[in-house]
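Novice: Its first residue numbered 8, the sequence shown is counted upward by one per residue in our numbering.
Cβ coordinates follow ideal geometry from the N, Cα and C atoms, glycine included.
Pasting a structure below so you can have a look.
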Amino acid sequence: MAAAAAAAADEAERSRGRRAALCFAAIAVLLGLPLWWRTTETYRAALPYAGIAALGRLPLQLSVPISVVFAPGSVPADLPRQLPYRDVREEPVPVGSRSDVAARYEELYRGTTAREAVALGAATAREADAALHALQDASPGSLTVYVVPESSPLLPQGTDVYMGKHRSALLRAGQGLAALRARFQQLTRVMSLPATSIAAALADRVPDGQLGPDARRHLKSSLGYEITFSLLNPDPKSHDVDWDIEGAVGRYVQPVLDKLSMVANFSVDSQILYYAVLGVTPRFDKESSSFLLSAHSLPHVINPVEARLGSSAASLYPVLNFLLYVPERSHSPLYIQDKDGAPVPTNAFHSPRWGGIMIYNVEAPASPQASLPLHVDVDMVRVMEVFLAQLRLLFGISREELPPEFQVESPGNEGLADWELDRLLWAHTVENIATVATTLTSLAQLLDQISNIVIKDDVASEVYHAVASVQDAMAELAEGRLRSAFQASKEAVTSSERAFFDPSLLHLLYFPDDQKFAIYIPLFLPMAVPILLSLAKILREARQRKKEPSKID
Numbered sequence: 008m009a010a011a012a013a014a015a016a017d018e019a020e021r022s023r024g025r026r027a028a029l030c031f032a033a034i035a036v037l038l039g040l041p042l043w044w045r046t047t048e049t050y051r052a053a054l055p056y057a058g059i060a061a062l063g064r065l066p067l068q069l070s071v072p073i074s075v076v077f078a079p080g081s082v083p084a085d086l087p088r089q090l091p092y093r094d095v096r097e098e099p100v101p102v103g104s105r106s107d108v109a110a111r112y113e114e115l116y117r118g119t120t121a122r123e124a125v126a127l128g129a130a131t132a133r134e135a136d137a138a139l140h141a142l143q144d145a146s147p148g149s150l151t152v153y154v155v156p157e158s159s160p161l162l163p164q165g166t167d168v169y170m171g172k173h174r175s176a177l178l179r180a181g182q183g184l185a186a187l188r189a190r191f192q193q194l195t196r197v198m199s200l201p202a203t204s205i206a207a208a209l210a211d212r213v214p215d216g217q218l219g220p221d222a223r224r225h226l227k228s229s230l231g232y233e234i235t236f237s238l239l240n241p242d243p244k245s246h247d248v249d250w251d252i253e254g255a256v257g258r259y260v261q262p263v264l265d266k267l268s269m270v271a272n273f274s275v276d277s278q279i280l281y282y283a284v285l286g287v288t289p290r291f292d293k294e295s296s297s298f299l300l301s302a303h304s305l306p307h308v309i310n311p312v313e314a315r316l317g318s319s320a321a322s323l324y325p326v327l328n329f330l331l332y333v334p335e336r337s338h339s340p341l342y343i344q345d346k347d348g349a350p351v352p353t354n355a356f357h358s359p360r361w362g363g364i365m366i367y368n369v370e371a372p373a374s375p376q377a378s379l380p381l382h383v384d385v386d387m388v389r390v391m392e393v394f395l396a397q398l399r400l401l402f403g404i405s406r407e408e409l410p411p412e413f414q415v416e417s418p419g420n421e422g423l424a425d426w427e428l429d430r431l432l433w434a435h436t437v438e439n440i441a442t443v444a445t446t447l448t449s450l451a452q453l454l455d456q457i458s459n460i461v462i463k464d465d466v467a468s469e470v471y472h473a474v475a476s477v478q479d480a481m482a483e484l485a486e487g488r489l490r491s492a493f494q495a496s497k498e499a500v501t502s503s504e505r506a507f508f509d510p511s512l513l514h515l516l517y518f519p520d521d522q523k524f525a526i527y528i529p530l531f532l533p534m535a536v537p538i539l540l541s542l543a544k545i546l547r548e549a550r551q552r553k554k555e556p557s558k559i560d
């Protein structure tokens, strides 16, 4: 009896052990594992992958509103319809096989109003352009072409097209509608959507063989730029240089930056560097008794000088450097030669996407016994003419070769005409759209390949906002609203960069799997071993109970 009772108690104890082991295993599997999985999973907010993939495939349509206004006596006899009427002309923009860009010219043909007819009666084309500008409410991206009679005194002899400094032009009526259309199409390609500017904006998507030599020389689109004017005086013992940079910036540079404020934000600073040399030894020419810098030595000038500038070290935006170099007495006068060996008239050169350098020679004193240092007053008008021309080249606002019958009005102190600003807005808007598409595509590929990167809600919100802003920009371009399209593209660039460079994306970027095992094995192994051994024991006992009846039989 005692043995039977002991066996029964032992069996009951084993039964409780089996139930406890099964309970622990069930809790670990049914509760522990889901809880661990849920608390340690990587949070990844949903992203618009389909919308991002569609950005690179969407065709880009650029609509240009154009008004063609006929003055009395300039209406062609073979005009297809009676004024006023509308017409639409579409042309593909040749920018390569990877991008589908089309220009849509929405043309309105009408006659002049009474006030426009009075303005066209001015003595000169410049006066007529100013009077017509006061009557217009031209939005960015639009163009108004006034067709004047062939005998009009507004256009001098030999001039068929006058391009004003606003968003209008004067066009001499030709012999019939065909000649007029030929001039008109040539004018619109210059003043609104030149293929070279659009191709430069899409330089990253266009094969190198289809780009012009200057396509990649322009500054890339940015939300801001920093401009630094530096005076380099390598010989302060001989030259006491005085330059009124603050006044020159206010008179000559600030009007240009005010005009460009629609494109980006600008900040301007200046500095004077003493004992800063070019780093290249010029060659002395006995015939001219001067020192010369050849064209092939100019690239070696920038690096030594840039090390002294220090302006781009902590800058968030591209830095444009404009350097005025006053050569030391031992290397004066100093002149720059072009590739053909001829002296450069401005004695300056520019480096694409970097800035420009001008060499300012000081006249030698009349008497060898003149006291040193010599006081030098820099002619800021001459200097700023060169720097502003270099600024235009850096932004790609250089004017193309035009036929001799084209006359272009000077923009004056503003530095660029309204239609040149529109060309810059077209190019930067297209470039912003392409940049956002590339940035979001790269971000989507990165997040798709690395599954343990956390995608927070604010990152997803920026991505959604960037996609929506790009779509808005493309829709505004299709409607011909350039200003709102550019603003939407800037918002898209800001949101895409915030999402791409968000610090939270880097927390688990370099977290390999072996580190996971190193963390979880010491935690789970001590708990898992007893449970697994108990389950193995229960399985062995269950198999023994199944075999015992067969042995009895």
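1) Less than 7 Å separating the beta-carbons of A135 and A129?
2) Between the alpha carbons of S297 and V393, how many angstroms are there, rounded?
3) Rounded to the nearest angstrom, how far is the Cβ of V270 from that of I234, given a contact under 8 Å?
4) Taking the CB atoms as reference points, tell me whether E335 and P411 lie closer together than 7 Å.
5) Considering just the uninterrupted stretch of the beta strand (DSSP E) at F356, what are its terminal residues?
6) Based on Cα-Cα distance, which residue from G317, Q494, T446 lies nearest to A283?
7) For E580, count neighbouring C-beta atoms within 10 Å of its own C-beta (all shown protein chains included) and say buried if the count is 16 or more, exposed if not.
8) Less than 7 Å between C-beta atoms, sequence neighbours within five positions excluded: which residues of the same chain meet that for E123?
9) Cα-Cα, which of D85, D167, I205 is closest to L69?
10) In angstroms, rounded to a whole number, what distance separates the CA positions of A371 and A145?
11) In whole angstroms, what separates the C-alpha of L187 from that of Q193?
12) Measure the C-alpha to C-alpha separation of I559 and R550 and round it to an integer number of angstroms.
13) Tell me, please, whether the region 262-269 touches the region 349-367 by the rule of three or more beta-carbon pairs shorter than 8 Å.
14) Please report the Cβ distance between V443 and A473, rounded to the nearest whole angstrom; I am assuming they are in contact, meaning their Cβ atoms lie under 8 Å.
15) Would you check if the region 524-534 and the region 480-496 touch, i.e. whether three or more CB-CB distances between them fall below 8 Å?
16) For the region 459-475 and the region 72-87, state whether three or more C-beta atom pairs, one from each stretch, are separated by less than 8 Å.
17) Please report the straight-line C-alpha distance between T49 and L539, rounded to a whole angstrom.
18) Go ahead and pull the three-state DSSP assignment for M365.
19) Taking the beta carbon of K561 as the centre, do at least 16 other beta carbons fall within 10 Å, making it buried, or is it exposed?
20) Quick one: residues in its chain with C-beta nearer than 7 Å to the C-beta of R315, no 5 flanking neighbours on either side, listed in chain order?
21) Can you tell me whether Y435 is buried or exposed, with buried defined as 16 or more other CB within 10 angstroms of its CB?
22) For P41, count neighbouring C-beta atoms within 10 Å of its own C-beta (all shown protein chains included) and say buried if the count is 16 or more, exposed if not.
23) So, with DSSP's three-state summary, where would you put F298?
24) Are the CB atoms of M391 and Y232 nearer to each other than 7 Å?
25) Between A109 and P101, how many whole angstroms is the CB-CB distance? I'm expecting something under 8 Å.
26) Less than 7 Å between C-beta atoms, sequence neighbours within five positions excluded: which residues of the same chain meet that for A132?
27) Which residues in the same chain have their Cβ closer than 6 Å to the Cβ of S511, if we skip the five residues on either side of it in sequence?
28) Could you pull out every residue in the same chain whose Cβ sits closer than 7 Å to the Cβ of F507, ignoring the five residues on either side in sequence?
29) For D249, which residues in the same chain have their Cβ closer than 8 Å to its Cβ, ignoring the five residues on either side in sequence?
30) Suppose contacts are defined by Cβ-Cβ distances below 7 Å. Is G80 in contact with P156 by that definition?
31) So what's G254 in DSSP terms, helix, strand or just coil?
32) Use the C-beta contact count for P72: other C-beta atoms within 10 angstroms, 16 or more gives buried, fewer gives exposed.
33) Under 6 Å Cβ to Cβ from F291, same chain only, skipping five residues before and after it: list those, please.
34) Using the rule of at least 16 other Cβ atoms within 10 Å of the residue's Cβ for burial, across every protein chain shown, is N272 buried or exposed?
35) Where does A543 sit, in a helix, a strand or coil, going by DSSP?
36) Starting from L390, follow the beta strand (DSSP E) in both directions and report where the run begins and ends.
Specialist: By the coordinates alone:
1) Closer than 7 Å, so yes.
2) Within the model, the alpha-carbon separation for S297 versus V393 is close to 22 Å.
3) Not a contact, Cβ separation roughly 13 Å.
4) Here E335 is not near P411, since their CB atoms are 7 Å or more apart.
5) Per DSSP, the continuous beta strand (DSSP E) segment holding F356 begins and ends at 355-358.
6) Closest option to A283, Cα to Cα, is G317.
7) Residue 580 falls outside the range modelled here, since the chain spans only 8 to 560, and no answer is possible.
8) Counting only Cβ-Cβ distances below 7 Å, and skipping sequence neighbours, we find V76, L139, L142.
9) In terms of CA proximity to L69, I205 leads the group D85, D167, I205.
10) So the two alpha carbons sit approximately 53 Å from each other.
11) Straight-line Cα distance between these residues: approximately 10 Å.
12) Per-residue confidence for I559 stands at a pLDDT of 47, beneath the threshold of 50, marking its modelled position as unreliable; no derived number is given.
13) Put simply, the region 262-269 does not touch the region 349-367. Fewer than three CB pairs are less than 8 Å apart.
14) Their Cβ separation, rounded to whole angstroms, is 6 Å, which keeps V443 and A473 in contact under 8 Å.
15) The count of Cβ pairs closer than 8 Å, one atom from the region 480-496 and one from the region 524-534, stays below three, leaving the stretches out of contact.
16) The answer is no - the region 72-87 does not touch the region 459-475, with fewer than three Cβ pairs under 8 Å.
17) C-alpha separation (whole angstroms): 28 Å.
18) When DSSP states are grouped into helix, strand and coil, M365 belongs to the strand group.
19) The chain is shown only over 8 to 560; residue 561 falls outside these bounds and no answer can be derived.
20) Exclusion of the five residues before and after R315 leaves L280, A283 as the residues of its chain whose Cβ lies within less than 7 Å of its Cβ.
21) The question names Tyr, yet the displayed sequence has His at residue 435. So H435 ends up on the buried side.
22) By the neighbour-count rule (16 or more Cβ atoms within 10 Å), P41 is not buried but exposed.
23) Three-state DSSP puts F298 in a strand.
24) No. Outside cutoff.
25) Contact between A109 and P101 is ruled out by a C-beta separation of about 11 Å, above the 8 Å threshold.
26) Contacts found: L161, L162, Y169, L177.
27) Setting aside the 5 residues that flank it on each side, S511 is surrounded in the same chain by V461, K463, each with a C-beta closer than 6 Å to its C-beta; the list follows chain order.
28) Here the set comprises T446, L450.
29) Counting only Cβ-Cβ distances below 8 Å, and skipping sequence neighbours, we find H382, V383, D384, V385.
30) Yes.
31) In this structure, G254 counts as helix in the three-state DSSP scheme.
32) P72 is buried by the Cβ-count criterion.
33) The answer, listed in chain order, is F298.
34) The residue is exposed, with fewer than 16 neighbouring Cβ atoms inside 10 Å.
35) The answer is helix: DSSP assigns A543 an H, G or I state.
36) In the sequence under discussion, the amino acid at residue 390 is Val, which differs from the Leu named in the question. Per DSSP, V390 belongs to no beta strand (DSSP E); it is in the alpha helix (DSSP H), 387-401.
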